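Visitor:
Right under this line is the structure:
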């Protein structure tokens, strides 16, 4: 059980670090970024679906309680931090990649169209919340089926979601990112399916984990040279997820701990890394002239450990009234 917890914690941190690293390459083409972008976002949704099954497995689901907690976890930071960041981004708009206007319409639009948000990575939050809503509805019906029937229905649902992922044109400009919800639903359902039926147990045998990791890693490198299509994107994203799961198994198997200190803060790092990167990249680059590699390293380290320090500070102050509020909007548990 401890190994399973270590694996999931690793996947959370690994996916978060990939996001931070990807955002560290400011206006710079890189094979590293292209490699990560094959699978790092689908990995987030896979882990979320996996944990959704863990949280509801063998327990009576109370939809209103479950979704209210997810709203606090996902929507409260989305609306609160977006609002707090709106004015500073307007004032510093000349330094930003995506300048914005100071208007009520701009403010409302960046909330209801998540990809227009002042912080580009926040689109994930309402998207995941809507996936939880749909997952709760689907689970309500699945729990009323026998195990064999449930397996058949789940497989059929997964197939339909894969077809939707391939055939539905992706758009960044839909209300509450509904198209994005449909697009990423396959990976969420895949995580649930894998967790529910224990499909990763084959990695426990001998050297299977290292062989799977090496094979899928090579496939992901080959993917950099393949002409992309929706079907190939799905294939390489799934391969990248399997590679990440195999890597997490190796991390736990050999008792590695070098990322453990970041695990409790991974969500806060996701929420705050863009702020520190904006300071170290989009603003600092205007006034200094170092090699681009310096800014990439600085952006990565400040994005991770600047946010980590925010987590440490807010966690320490979480028992005061103000500290509790700041902790809640920063994705920090106060219970």
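Residue numbers (full-length UniProt numbering): 1 to 335. Where a beta carbon is used, it is the ideal one built from N, C-alpha and C, also for glycine. Quick caveat: nothing in here was measured; it's all calculated off a predicted structure.
Taking the C-alpha atoms as reference points, what is the distance between residue 184 and residue 216?
Guide: Going by the C-alpha atoms only, they are around 21 angstroms apart.
Visitor: Helix, strand or coil: how does DSSP classify residue 334 here?
Guide: Reduced to three states, the DSSP call for residue 334 is coil.
Visitor: Write down every uninterrupted run of the beta strand (DSSP E) in the segment 176-263 whose length is 3 residues or greater and which is fully enclosed by it, in chain order.
Guide: As far as the segment 176-263 is concerned, it has no whole beta strand (DSSP E) run of at least 3 residues.
Visitor: Would you please state the rounded distance, in angstroms, between the beta carbons of residue 241 and residue 43? I believe it to be under 8 angstroms.
Guide: With 8 angstroms as the limit, residue 241 and residue 43 qualify as a contact, their Cβ atoms being about 5 angstroms apart.
Visitor: Report the three-state DSSP secondary structure of residue 293 (helix, strand or coil).
Guide: Reduced to three states, the DSSP call for residue 293 is helix.
Visitor: How would you label residue 297, buried or exposed, when you count the other beta carbons within 10 angstroms and need 16 or more for buried?
Guide: The residue in question, residue 297, is exposed, as its Cβ has fewer than 16 Cβ neighbours within 10 Å.
Visitor: Taking DSSP as the reference, what is the three-state secondary structure of residue 282?
Guide: It is helical.
Visitor: What is the rounded straight-line gap between the Cα of residue 332 and the Cα of residue 119?
Guide: For residue 332 and residue 119, the distance between alpha carbons rounds to 19 angstroms.
Visitor: For residue 98, which three-state DSSP category applies?
Guide: The answer is coil: DSSP assigns residue 98 none of H, G, I, E or B.
Visitor: Whose C-beta lies closer than 6 angstroms to the C-beta of residue 219 among residues of the same chain, with five residues either side of it excluded?
Guide: So the qualifying residues of the chain are 239.
Visitor: From 106, 190, 229, pick the residue whose C-alpha is nearest to that of residue 85; which is it?
Guide: Out of 106, 190, 229, 106 has the C-alpha closest to the C-alpha of residue 85.
Visitor: In the segment 63-132, which residue ranges form an unbroken alpha helix (DSSP H) of at least 4 residues, counting only runs that do not cross its ends?
Guide: Qualifying alpha helix (DSSP H) stretches, in chain order: 63-70, 76-91, 104-112.
Visitor: Got a sec, what are the start and stop residues for the alpha helix (DSSP H) residue 53 sits in?
Guide: It spans 40-56 - the alpha helix (DSSP H) in which residue 53 sits, taken as one unbroken run.
Visitor: Please identify the residue among 98, 327, 81 whose C-alpha is closest to the C-alpha of residue 26.
Guide: When only C-alpha atoms are compared, the closest one is 98.
Visitor: Taking residue 133 and residue 203 to be in contact with their CB atoms under 8 angstroms, please state how far apart those CB atoms are, rounded to whole angstroms.
Guide: That pair is no contact at about 31 angstroms.
Visitor: Which residue wins for smallest C-alpha separation from residue 11, given the options 259, 323, 286?
Guide: Nearest option by C-alpha distance: 259.
Visitor: Thinking residue 49 and residue 33 are a contact (beta carbons under 8 angstroms), I'd like their distance in whole angstroms, please.
Guide: With 8 angstroms as the limit, residue 49 and residue 33 do not qualify as a contact, their Cβ atoms being about 25 angstroms apart.
Visitor: Our contact map puts residue 129 next to residue 161 with C-beta atoms below 8 angstroms; I'd like the distance itself, whole angstroms only.
Guide: Not really, about 18 angstroms apart at Cβ, beyond 8 angstroms.
Visitor: Kindly indicate which residue of 57, 4, 124, 65 has the alpha-carbon position closest to the one of residue 177.
Guide: Of the candidates 57, 4, 124, 65, the one whose C-alpha sits nearest the C-alpha of residue 177 is 124.
Visitor: Specify whether the segment 230-237 and the segment 283-290 touch according to this definition: at least 3 beta carbon pairs, one from each stretch, less than 8 angstroms apart.
Guide: No: the two stretches stay apart, fewer than three of their Cβ pairs being nearer than 8 angstroms.
Visitor: Where residue 58 and residue 199 are concerned, what is the direct C-alpha to C-alpha distance, given to the nearest angstrom?
Guide: So the alpha carbons of these two residues sit roughly 18 angstroms apart.
Visitor: Can you find at least 3 beta carbon pairs, one from the segment 267-279 and one from the segment 297-310, that sit closer than 8 angstroms?
Guide: Yes, the segment 267-279 is in contact with the segment 297-310.
Visitor: Within 10 angstroms of its Cβ, does residue 180 collect 16 or more other Cβ (buried), or is it exposed?
Guide: Buried is the call here.
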